[in-house]
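Q: One structure, pasted below without further comment.
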Amino acid sequence: MHLPGYPFESRWFTHDALRLHYLDEGDGAPVLMLHGNPSWSYLWRRLVLALRGEHRCIAPDHLGMGLSDKPAAGRHPFTLAARVDDLDALTGHLITERAAPENGWTLVMHDWGGPIGMAWAARHPGRVSRLVVLNTAAFPDPHGPRVRPALRLPLWLLRETRLGERLFLRHHAFARLATLPPFGLRDRLPPDVRAAFLAPDDGREHRLAVQRFVHDIPLGPGDPSWPLLVRAGETVAAFADRPVLIGWGLRDPVFDPLMLREWRRRLPHAQVHAFPGAGHYVLEDAHDSLVPAITAFLRR
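For the sequence shown, the UniProt record's numbering assigns the number 1 to the initial residue and increments by one for each residue that follows.
And the structure:
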């Protein structure tokens, strides 16, 4: 598997008889990087390279994604609560078995990494000392309970129809579109980089987690993950007195400027870097500015 810009040693943690893949690079205060859907730890390659000389960079692949095991339906719940449990097990292992510190963690979150990370932080409020927020949400949609018109048809198609299942599992359309402009990026990725983003999901049976992440989006109180999302949102306010950096691509069609405004309302002292030309994958479109900004933020 050709993975340009990803010269890292793979590490593995077995939880519930499933192997979870993660990066553990460098020494120093831990920086925990949580990807979303459809992505994996490859997303963090530039940030890990920039930080590992001064920090301990930990970047897991959620089960079913990246280089982690790809459990079949029924073998893993693929829910927000299960993701938080997986993360809790991994970080507990790192603390008890691999000499990671109990406290002083920086939490870096993108996409689904936001609700996963903040729900995990709610269990350990003293563990996280800083936040880096990148095009994500960890609270109910500030647009209100009705699905936005631009998202209504795609979500219905992907969540409720047999065509949606074929698009996910047979054609891998969700991940393919997410790595193309204008859906996930402003600029076209180099072919080998786009191939690396897609490489781990190389068969129908390896794409289930991408589909289930979309099925699990908590749109309202009737969705199973809604209560945990609400609790994660309540946790955000507890970090208002801690250093926070927000990096935001303003061309994101889902995590739009109103989402950014909600983060700023909840974390009014955050340092904000907004990129008018960047899309959802802000670390791809704006890495030349964003990676140095995060590096400087962590040095302070």
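Beta carbons: idealized from backbone N, C-alpha and C, even for Gly. These numbers were taken from a predicted model, which means no experiment stands behind them.
Using CA coordinates, which residue listed in His2, Leu43, Leu3 and Trp12 is at the minimum distance from Ala178?
A: Checked all of His2, Leu43, Leu3 and Trp12; the closest Cα to Ala178 is Leu43.
Q: Output the distance between the C-alpha atoms of Leu20 and Arg46, rounded to the nearest integer angstrom.
A: Using only the alpha carbons, I get a separation of about 21 Å.
Q: Taking the beta strand (DSSP E) that Glu25 belongs to, which residues open and close that run?
A: Glu25 -> beta strand (DSSP E) spans Leu18 to Glu25.
Q: I'd like the span of the beta strand (DSSP E) that includes Ser129, first residue to last.
A: That run of the beta strand (DSSP E) goes Val128 to Thr136.
Q: CB Trp120 to CB Gly36, shorter than 8 Å?
A: No, the pair does not count as a contact, with Cβ atoms beyond the cut-off.
Q: Got a sec, what are the start and stop residues for the beta strand (DSSP E) Ile246 sits in?
A: From DSSP, the beta strand (DSSP E) with Ile246 extends over Val244 to Gly249.
Q: Have a look at Arg188 and Asp252 and give me their C-alpha separation to the nearest angstrom.
A: Rounded to the nearest angstrom, the two C-alpha atoms are 15 Å apart.
Q: Can at least three beta-carbon pairs, one atom from the region 237 to 254 and one from the region 5 to 12, be found at a separation below 8 Å?
A: Touching, no, given that fewer than three Cβ pairs across the two stretches are closer than 8 Å.
Q: Please determine, among Leu134, Phe168 and Glu284, the residue with the shortest C-alpha to C-alpha distance to Phe255.
A: Ranking the options by Cα distance to Phe255, first place goes to Leu134.
Q: If you count every other CB in all the chains shown that lies within 10 Å of the CB of Ser39, and 16 or more means buried, which is it?
A: Under this definition Ser39 is a buried residue.
Q: May I ask you to verify whether the region 86 to 103 touches the region 123 to 137, counting CB pairs closer than 8 Å and requiring at least 3?
A: Verdict: yes, contact present.
Q: What are the boundary residues of the alpha helix (DSSP H) that includes Val84?
A: Counting along the chain, the alpha helix (DSSP H) containing Val84 begins and ends at Leu80 to Glu97.
Q: Taking all protein chains shown into account, do 16 or more other C-beta atoms lie within 10 angstroms of the C-beta of residue 335, making it buried, or fewer, making it exposed?
A: The first residue shown for the chain is 1 and the last is 300, placing residue 335 beyond what the model contains.
Q: Can you tell me the Cα-Cα spacing of Ala122 and Arg11, whole angstroms?
A: Computed Cα separation, rounded: 26 Å.
Q: Name the two residues that bound the continuous alpha helix (DSSP H) containing Arg162.
A: Looking at the DSSP string, the run of the alpha helix (DSSP H) that includes Arg162 is Arg162 to Leu169.
Q: Considering Cα atoms alone, identify which of Leu23, Met1 and Gly220 is closest to Ile146.
A: For the record, residue 146 in the displayed sequence is Arg; it is not Ile. When only C-alpha atoms are compared, the closest one is Gly220.
Q: Under a three-way DSSP split, which group does Phe275 fall into?
A: Strand, per DSSP.
Q: For His110 versus Asp86, is the C-beta distance shorter than 8 Å?
A: Not a contact, by the Cβ cut-off of 8 Å.
Q: Which stretch, first to last residue, makes up the beta strand (DSSP E) that contains Met33?
A: Pro30 to Leu34 is the span of the beta strand (DSSP E), which, as asked, contains Met33.
Q: Starting from Pro71, trace the alpha helix (DSSP H) both ways and give me its first and last residue.
A: Pro71 -> no alpha helix (DSSP H), and no H or E assigned at all.
Q: Taking only the alpha-carbon atoms, compute the straight-line gap between Gly203 and Ala196 and give it to the nearest angstrom.
A: Those two C-alpha atoms are separated by around 14 Å.
Q: Given a threshold of 16 other Cβ atoms within 10 Å of its Cβ, counted over all protein chains shown, does Trp156 qualify as buried or as exposed?
A: Answer is exposed; the Cβ neighbour count stays below 16.
Q: Using 8 Å as the Cβ pair cut-off and three pairs as the minimum, do the region 168 to 186 and the region 272 to 284 touch?
A: In short, these stretches touch, since the Cβ pair count reaches three.
Q: Can you give me the C-alpha to C-alpha distance between Pro130 and Arg162, rounded to a whole angstrom?
A: The residue you asked about is not Pro; residue 130 is Arg in the sequence shown. One C-alpha to the other measures close to 42 Å.
Q: In whole angstroms, what separates the C-alpha of Arg56 from that of Pro30?
A: Going from the Cα of Arg56 to the Cα of Pro30 covers about 4 Å.
Q: Taking the alpha-carbon of Glu262 as reference, which of Pro71, Thr91, Pro140 and Ile58 has the nearest alpha-carbon?
A: The residue with the shortest Cα to Cα distance from Glu262 is Pro140.
Q: Quick check: Ala138 and Gly164, are their CB atoms within less than 8 Å of each other?
A: Cβ distance not < 8 Å, so Ala138 and Gly164 don't count as in contact.
Q: Rounded to whole angstroms, what's the CA-CA distance from Met33 to Arg166? Just pull it up for me.
A: The straight-line gap from Cα to Cα measures roughly 31 Å.
Q: Whole angstroms is fine: what's the gap from Ala232's alpha carbon to Ser225's?
A: Approximately 11 Å, taken between the alpha carbons.
Q: Please state whether the Cβ-Cβ distance between Asp216 and Leu90 is less than 8 Å.
A: No, Cβ-Cβ distance for Asp216 and Leu90 is not below 8 Å.
Q: Write down the C-beta distance between Arg264 and Val272 rounded to the nearest angstrom, noting that I regard them as a contact closer than 8 Å.
A: Between Val272 and Arg264 the Cβ distance is about 6 Å, and since that is below 8 Å, they are a contact.
Q: How is Met1 classed by DSSP in three states: helix, strand or coil?
A: Looking at Met1 - three-state DSSP - the assignment turns out to be coil, as it is neither helix nor strand.
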